[in-house]
Structures are given as C-alpha cells and as structure tokens.
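Numbering (the numbering used here), first residue to last: 13 to 245. Ideal Cβ positions, reconstructed from N, Cα and C, are used throughout, including at glycine. Computed from a predicted structure; not experimentally measured.
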C-alpha cells in the first residue's frame, strides 16, 4: 500500500515538473475568430455610419411649351428614395404649368429624390434664427432665392415642423457644396436654373456667423426649380 501511494506521489511530482495538467484542466490561451471579431473596436468615422441625408429634393420643370424632357442626376452618394422611380434618369413630358406626365400617362407635379453622401456643407455664412421665427424667416428667404409662393409653401410645410420647436437654428443655403455633389443633366437644357438647398442645425444658444446674401436669377424661358435640405446632427 505504501509503495502504491509513493508511486502516485512520484507521478504527480513528475507531471508538475513537466508542466502538464490533466486534460480537463488545460488552459486555452487563444480566442476563436468570433471572439476576436466581437472584441474589435470600430474606429470608423461617424459619417460612414450616419452620413448626411439629402432630404426631399424635389424638381419642378416649367417649359414654355409642352416638351419631352430628360433629367439625369449625377449624385456623389447613394440614392435612398425616388419618385417616380429613377431608372438611370427620368423621362417626362412637361407642361408650362409644371405638370409632368410619364410614358404610362401618370401625372406628377415634381420629381422627387433623397440620398446619403459624405458632403461637407459650407456653414461659414448663414443665419441664426429663433425656432419660433422659422416660418417668417423662411417666407422671406425663399422669396429672395426665387421660389414662388406655392414652391415656398411646400418647402415650409416640410421643414418648419422640424425646426420651429428648437431654441435656435443655424441655417445656411448651400451653393457649390450642394450643386457639385448632386449635378443635374437636363435635355433640353433649361434657360433658368434655381436650386435651393438648406443645411441647418439645432442650437441651444445663438452663435455668431457672417450673414449670407440671398439672390436669385430672373425666371426666363424654360425654368428648372429644385429645393431640398439636410439637418446636421
């Protein structure tokens, strides 16, 4: 019996010296691929996850006479919604009053699109507007930018509910920062193009910003009008 106990003790000492342990006590030091992937820290730019959204750009077409018109959008981003469906472009018959008719005979009052892109908006000039003054401000600004009352009404109906309950909003109407990222190719080419795109951000306190000068071309001949916007978060 003593010999048996001595043999067991000797075997235990030998295993310890060799650095071995029984199979059910082995320490696994590596991680499988799933564990490694779960522990990876995502260091990508937030804009890659939540890129700025181009909200409700709508395009109106006002030819001088009923005209077949093709509109193509060269957008530096991803289109998320279009109506009518953008299938490598829109092709419609436009009337002077702005009514658009597709090949199937369905009528529309505008061409609609939305999308996402990593655009850096130019906020060096603009306006800081109390939320409660949003409607008055937009009525005045959109008139200066060349929108008709009907077009301005549609703009305000869409945007004012999102802005008027904020304490303040910083508002800047974009020029090349927008038009270079969302180029339009129209055939036949319009005589007058008015593109109004508002970038804005809610504020708790007012800030100082250089005032923006708002102007618009005179509507002459075949006129294209577009408006849209983007909230900066």
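**Request:** Quick one: using the 10 Å Cβ neighbour count with 16 as the cut-off for buried, is residue 118 buried or exposed?
**Result:** exposed
**Asked** Quick one: any contact between the stretch 81-99 and the stretch 142-158, if contact means 3 or more CB pairs under 8 angstroms?
**Response** no
**Where the beta strand (DSSP E) through residue 90 begins and ends** = 90-95
**Item:** In DSSP terms, what residue 1 is bridged to
**Value:** Nothing about residue 1 can be reported from this structure: the residues present for the chain run from 13 to 245 only.
**Given residue 126 as reference, the closest of 98, 141, 105 and 111 once Cα atoms are compared** = When only C-alpha atoms are compared, the closest one is 98.
**Item:** Residues that DSSP places opposite residue 183 in a beta bridge
**Value:** 139 and 212
**Message:** If distances are taken between C-alpha atoms only, which option among 220, 200 and 231 comes closest to residue 207?
**Reply:** 231
**Request:** Identify the continuous beta strand (DSSP E) that holds residue 245 and give its terminal residues.
**Result:** Premise fails: residue 245 is in no beta strand (DSSP E) and is neither H nor E.
**Item:** Best match in 135, 165 and 133 for proximity to residue 281 [C-alpha to C-alpha]
**Value:** Examination of residue 281 is not possible in this model, given that the chain is present from 13 through 245 alone.
**Request:** Rounded to whole angstroms, what's the CA-CA distance from residue 112 to residue 101? Just pull it up for me.
**Result:** 14 angstroms
**Item:** Own chain partners of residue 202 with C-beta closer than 7 angstroms, once the 5 adjacent residues on each side are dropped
**Value:** 234, 235 and 236
**Request:** Quickly, what does DSSP pair residue 196 with across the bridge? List them, please.
**Result:** For residue 196, which the question treats as bridged, DSSP gives the partners 85.
**Request:** Please name the residue in 75, 76 and 84 whose C-alpha comes closest to that of residue 197.
**Result:** 84
**Request:** Please go through the same chain and pick out, in chain order, the residues whose beta-carbon is closer than 6 angstroms to the beta-carbon of residue 185, but skip the five residues on each side of it.
**Result:** 210
**Request:** For residue 69, collect the residues of the same chain with a Cβ closer than 8 angstroms to its Cβ; drop the 5 residues on either side in sequence, then sort them by chain order.
**Result:** 124, 125, 126, 194, 209, 238, 239 and 240
**First through last residue of the alpha helix (DSSP H) which encompasses residue 190** = Counting along the chain, the alpha helix (DSSP H) containing residue 190 begins and ends at 188-191.
**Asked** Can a CB atom of chain D be found closer than 9 angstroms to the CB of residue 113?
**Response** Within the model displayed, chain D is absent; a lone protein chain is all it includes.
**Request:** Tell whether a beta-carbon distance below 9 angstroms holds between residue 131 and residue 172.
**Result:** no
**Prompt:** Going by C-alpha distance, which of 65, 74, 67 and 116 is nearest residue 205?
**Reply:** 74
**Item:** Integer-rounded CB distance, given that residue 180 should sit under 8 angstroms from residue 229
**Value:** Not quite, the Cβ-Cβ distance comes to about 31 angstroms (not below 8 angstroms), so this is no contact.
**Item:** Close Cβ partners of residue 79 (< 6 angstroms) along its chain, the five nearest in sequence each way excluded
**Value:** Excluding positions up to five away in sequence, the list reads 106.
**Asked** Among 223, 245 and 226, which residue has its Cα nearest to the Cα of residue 216?
**Response** 245
**Message:** Suppose you measure from the CA of residue 182 to the CA of residue 218; what does that come to, to the nearest Å?
**Reply:** 8 angstroms
**Request:** Report yes if the CB atom of residue 104 is closer than 9 angstroms to the CB atom of residue 220, and no otherwise.
**Result:** no
**Item:** Beta-carbon proximity list for residue 121, same chain, < 8 angstroms, skipping 5 on both sides
**Value:** 72, 110, 111 and 112
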